[in-house]
Amino acid sequence: MSRVVPYHCPYCGDEDLRPHAESKGYECRSCARVFTVRFHGLAFDEAPTPSAIPAPEEETGDEPH
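Count the sequence shown with UniProt numbering and you get residues 1 to 65, in order.
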């Protein structure tokens with residue numbers, strides 16, 4: 001199992017992050033905060049029904065292309 005490494009501190013945005021062994025998280029050397037990153041899952045909406053998908057507008061031939 002691998003860990004995804006954050007590239008930026010969520011508090012100050014700096015990139016100087018190091019693993020923090022005690023919390024199994026990351027330490028930002030810029031703002032001295034220690035944080036963890038947690039994956040909760042994927043957010044999928046239900047598949048749209050055909051009535052929820054807008055139909056393309058029909059061309060009348062009167063409008064220039």
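Quick reminder that beta carbons are idealized off the backbone N, C-alpha and C, glycines included.
Quiz item: Relative to the alpha-carbon of ARG18, which residue among VAL37, CYS12, ARG29 and TYR11 has its alpha-carbon at the smallest distance?
Solution: ARG29
Practice problem: Using beta-carbon positions only, say whether VAL34 and VAL4 come within less than 8 angstroms of one another. | Solution: no
Quiz prompt | C-alpha gap between GLY41 and PRO6, whole angstroms | solution = 17 angstroms
Exercise. With DSSP as the reference, please indicate the residues paired to VAL34 in a beta bridge.
Key: GLU27
Self-check item: Residue range of the unbroken beta strand (DSSP E) whose run includes LEU17
Solution: 17–20
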